[in-house]
Structure formats: C-alpha cells, structure tokens
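Peer 1: Chains as they are written, first to last, in the numbering used here: chain A, 1 to 455; chain B, 1001 to 1242. For every residue, glycine included, the Cβ atom is placed at its ideal position computed from N, Cα and C.
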C-alpha cells in the first residue's frame, strides 16, 4: 500500500472521530505552539540581551601604545608615541573583522560655564565613529559633530548628562558655549545617559570633542609628555582664541625656518592616546585582534622577534558574560520546548493506545481481509504522524500568532525564526513516530482471531 | 476440481502446562462450487476449523491444500496475502467500519491487495459489487443508516471485492431476524449458483444449514457426519431465530 493511500486512510479514520482527534492534537498544538512562541520570543529576548551587553562594549577593543622606557625606567602603558590617527584609518581599511574604529586623545581639565565650573572625569578627543563604536549614537539632544569638524579642529563638543546637571542645572546646553582651559567650545549635543560602568566610573561625566581640537588646542600634549612633565605644551595653534595666556613658556626657543632646513628633525607625527574599535560581533574578536596586530606591526616596522609597541585589549569579562548568557538562554528555551513536546507526545501515545484497543475489531477485520502486520503498523504510525503534523501546523500558527500578539501588546522584541518552524515540523513528526510506534506495534502484533472476537 | 483438501489436521492449544486438543485429525475435501455448512455444538471445534480453513491460523499438524498450494506452514504475511486474494469473510457481527460509507467499506480490502488499483477503479469496482448485492442506491450510506440485512450485504460485497474463489461465513445470520436471514441466505445461493463461488458457512442453525448442499457436522474435534442436508436428522421444529 502506498504512503499516499495510507495517509488518506489515516485522514479518513481521524475524520471519523474529529472531536477526539482535535483533543489529541491539542497536546501537540500547545507543545509546538509553545516551542515556536518560546523560540521567537526567546530569540528576540536573546537578541535584545545580546544587544544590551554589546552596548556595554562587549565587542569593543582598545589599542593603546606600549610602554616607553629610558635607562631602565619604564614609564608604564601608553607612553610610547607611535600610535597615530593614520594607524586607525589603516586598521579600518585593512581589518575585515573591525566594524569601526576611532582614534582618541584624552585630557583632564576644568570646564567653565558662567559662574559654575567642573572637572569632568574625562575629556575625550575623538571622531564621530566613537559614538558608533560605543553604541552611543542616539543622543539625548542635539546632534553629533562631523568628520569635517574633526578635520578643521572646530571647537564643538558633546556633553555627558552629569556635566549638564553640574553646569547647566537642567537648562538645555545646546548652542551654549563652555570653556575648557579658556578655550570656548560650542555645545552641539548631549549624550544619552549611560550610568556608571562596571568599574564604577561615571560614563556620563564626559565631554566628547574632535580629537584635533583637543590635541592641538586644549592639551598640546600626549600622555607621554603629560606623564613625564608638563613642560612641552605646543599650543601654538590656538593662540587666536586663547584670550588669557596661561600656557607655560617653552624651555627652548622655537626653531626658525632656516634652522629647520639646515638641520631637519624627524617629522613629529600626531600621536594619539588610544584607538577604540568595535569588532563585527563577539565571535570575531579574536580574529580582529590578530588582524590589528598584523597591521600595526607592519606600520610600526616591528621586526619579527621584537615585542609589540602597542597592546590590544578586549572586554573579556563582558564577552564571557555575553556568551554565557546566550548559551543559557538557548538551553533554557530548548528545555522548555522539549518538556512541552514530550507532554504532547505522551498525550498522543495515550490516545493512540486507546484507539488501538477501541479499534481491535477493525484491526482484526483488516487483517482478515489481507492486511499484513506491517500494513497495520504503517497505518497507525501514519495516523499518529498525521495527527502530530496537523497539530504541528496548528501549533506553528498558534505560536507565531502568540508571539506576534506578545510583540503587539507587550512591545517585546520578537524574532521570527524559520529554523524554529522547521525544527517544530521535524520534531512533531518525530514525536508522532516515536510515541506512535508503540501503539502501532502493539496493533500490528494482534492475532486476527483474537481481535475479531474482541468485544 | 478439488479446491480444499485437509489431511489429518490437528490443532492443539497450549493452556499453561496442559495441551488441549481441539481438532483431532480432520480430513476433508471441498470441491469448487460447493455450498457447505459447518455445524456442531459449541466447543466442537468448528470455529477453530473455520479459522484454519480461513488461513487465520495454522494447524499444529496436518496438511492443508488450497487450490493446489500447501498453505499450512505459510508465514503470517504470506497468509495475509492469501486471504486477500483467495478468501472472503463474512462475520456474524458484520464488522463494518463505523462512520465510513458503504462504498469505502467495500473498497477497503483493495488497499491491501497486490494489484494497485487507482482510487477511481477501486470505487467503480466497489460500486459494482454493491449493486450486485442490491445496494446500488446506498453507496454513501453509513452502516448506522443501514438495516442489519443491508449491513450484512455490504459485508458480503466487501468479502467479494477481490473476487475470491472461496467465501467463508461465520454465523452470517446470527444477528439477523428470520426474514433478513432468508434474504442473505438467498444471496449466498445466488452467488453459489450464478457465480460458482464456493461458500463455507459455520452455523448451528439447522434451517440455515438446510440451504447448503452439503452439511459437515463436527463433534469434539472430529467430523461426525458429512452428508447433503436432506439426510440431516431431526430438523428442529419451531424454527425461527434460536
């Protein structure tokens, strides 16, 4: 007997008792529905969770210059002056695993607005890419500075929420001017609040500005010089805006053009304090580190056996949290799904057993007119599978509808997953076969004489 | 032509440690076209013999030749195929599938047959069979919408759908009143005379046995008498359904 005929017979048989068939499939409907809904809601939750953890910087990498040393005295991490903005561009160009990168210079200075002042945790000079790297693109107010601002060294800045509170007392700061080291900056935006990071560092107590502005107008130093002495302050660029001369006088007289020409010194490139990068995703962090190291070693002409003059750090703790959470979510969902399917399957087995008992005479009759054991086995198995698949189809609709409803009413993130649907179909057929087999096997082993005599 | 030949068939059931002999050496020949009644009191072994003849069971010892084929040692699957092709069954309690149309009931054995008929061919053949038993206008009726006699006629149509040479009827009129019994028996006679189908019916009703042209009486596992019904002694007075 062909499978098609068997399936049709099964359908016909099930139609003979539609109420019971419905109730039987209910187990599978709910099971599969639960699986689909859980998978979709769970996938959405998982994605949201991943995004949240990623926004804490799980995919972020930091490149800092290595240590400089002089006569056996090491100056600590970040003291060599070999890291340049061009390195940052090269990394972005040549490392496929890096999504975005931004150079950074840091400063610490007093900020003044009107009669109030404040020293923020950090003043970061960077590029607009920083907001993308830190997943901070959505501003509370205003708009971010542009690459053009970076190129021109424009005096614009973004304020963190804490600064707004300290300096502006709830007033909108956008469009106002603040002074950093007596240099006026126009506030063009306010960062969305981030709170403290895991180390307790208030991430909202920060000013972002173009790195060129910070480097050439505010500090004129790098970390290297800052750590050794504050003697070298090359703030020649900002003389026009520097109303009150506060910078110290240079120890050595400036070299004239003639001196420069006679005795050329190696061109001093602009060094930066660190590069912040974002990997495409957490899985690509390791390859990204490798690619970055390759690019930087080449650009810095480091010989094969020499140590790096830079460090690449990842947020290992966050990454680990991320992968643990994701795994936990997946397993949790799987467990729930399995339990509901097993419950549904037991329901199917129960009804199939009842059905076999109830239809003993029918089985006897079918055997008497020439059905072999395997025909009976197939018939009952196909019936169970048809039940399960029908239930599975209804469950998919129900589950999908349910998750849509959840999305609509609770505004939860939901991700439709074709994989879950395919799995549900396969699993419900599997449940039908596994839990339908025993009753079907029992039916096929009936003795036709006994079965015909069964009351 | 000899259709069925039994040679010293024995059947012993094992009840725990005790062996219970039910058939104690039955030898019997049934030729094609006979209408045989198998009678005997309950416990005489007629049902067991019927099961063996119907290839539902195999004998403990002895030979069973059906259309020149020794079938007593066939496997369960081979016997199923044999039943499908060569034997038809009619039961006392009709055994129709509930909530299934007469047509589908009749077509059901075709799905287990070796010849794979298309759905349409199967339905056509079933419809033809039903009109032969006089139910051509009841194709889509469910068993619950049919009278007892009609149900039994559906069962007969089902038994004949594979055009078997032999039809077994186990108390075919046991659940019917005397009038419909008569109809069913007349149908058997017609099948017997017109289509030359060999019919073997088990009955303990002498009136039913009276329609046969040969009555085999069983008693305690052996054949006690084998004669035309005219020679059957003491036809019970009173008649009617027992």
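1) Do residue 1002 of chain B and residue 1026 of chain B count as a contact pair if the criterion is CB distance below 9 Å?
2) Comparing the C-beta of residue 381 of chain A with each C-beta of chain B, is any distance below 9 Å?
3) In terms of alpha-carbon separation, which member of A:219, A:385, A:281 lies closest to residue 430 of chain A?
4) Are there 16 or more other CB atoms within 10 angstroms of the CB of residue 1137 of chain B, so buried, or fewer, so exposed?
5) Do you know how far the Cα of residue 15 of chain A is from the Cα of residue 1148 of chain B?
6) Of all the options A:111, A:35, A:138, A:23, which has the alpha carbon lying nearest to the alpha carbon of residue 330 of chain A?
7) Under a CB-based cut-off of 9 Å, is residue 449 of chain A close to chain B?
8) Assign residue 451 of chain A to one of two classes, buried (16 or more other C-beta atoms within 10 Å of its C-beta) or exposed (fewer than that).
9) What span of residues does the beta strand (DSSP E) with residue 448 of chain A cover, start to end?
10) Work out the CA separation of residue 157 of chain A and residue 186 of chain A for me, nearest whole Å.
11) I need the straight-line Cα distance from residue 1172 of chain B to residue 1084 of chain B, nearest angstrom please.
12) Could you round the C-beta distance between residue 126 of chain A and residue 147 of chain A to whole angstroms and report it? I think they count as a contact, below 8 Å.
13) Quick one: does residue 24 of chain A have its CB under 9 Å from some CB of chain B?
14) Output, in chain order, the set of chain C residues within a Cβ distance shorter than 7 Å of residue 371 of chain A.
15) In the DSSP output, what is residue 1069 of chain B paired with across the bridge?
16) Take residue 397 of chain A as the anchor and find which of A:27, A:150, A:33 has the nearest alpha-carbon.
17) What is the rounded straight-line gap between the Cα of residue 223 of chain A and the Cα of residue 208 of chain A?
18) Are the beta-carbon atoms belonging to residue 1060 of chain B and residue 1119 of chain B less than 9 Å from one another?
19) List the residues that DSSP assigns as beta-bridge partners of residue 214 of chain A.
20) So the candidates are A:38, A:282, A:437; which of them puts its Cα closest to the Cα of residue 346 of chain A?
21) Report yes or no: is there a C-beta of chain A within less than 9 Å of the C-beta of residue 1125 of chain B?
22) Return helix, strand or coil for residue 383 of chain A, following the three-state DSSP convention.
23) At what residue ranges does the region 1005-1067 of chain B contain a whole run of the alpha helix (DSSP H), taking only runs of 4 or more?
24) Kindly indicate which residue of A:359, A:348, A:404, A:215 has the alpha-carbon position closest to the one of residue 428 of chain A.
25) Below 8 Å, can you find three or more Cβ-Cβ pairs linking the region 77-97 of chain A to the region 317-335 of chain A?
26) In chain B, what lies closer than 8 Å to residue 9 of chain A by C-beta?
27) Can you tell me which of the three DSSP states residue 363 of chain A falls into?
28) From the DSSP output, read off the bridge partner residues of residue 209 of chain A.
29) Hey, how far is the Cα of residue 74 of chain A from the Cα of residue 302 of chain A?
Peer 2: Looking at the atomic coordinates:
1) no
2) no
3) A:385
4) exposed
5) 24 Å
6) A:35
7) yes
8) buried
9) Segment 448-453 is the alpha helix (DSSP H) holding residue 448 of chain A; no beta strand (DSSP E) there.
10) 6 Å
11) 20 Å
12) With 8 Å as the limit, residue 126 of chain A and residue 147 of chain A do not qualify as a contact, their Cβ atoms being about 11 Å apart.
13) no
14) In the structure shown, chain C does not exist; the protein chains are A and B.
15) B:1066
16) A:33
17) Any reading at residue 223 of chain A is ruled out, since the residue's pLDDT is 42, under 50, leaving its predicted position unreliable.
18) no
19) BP columns for residue 214 of chain A are empty, so no partner.
20) A:437
21) no
22) helix
23) 1046-1053
24) A:348
25) no
26) 1111
27) helix
28) A:125
29) 19 Å
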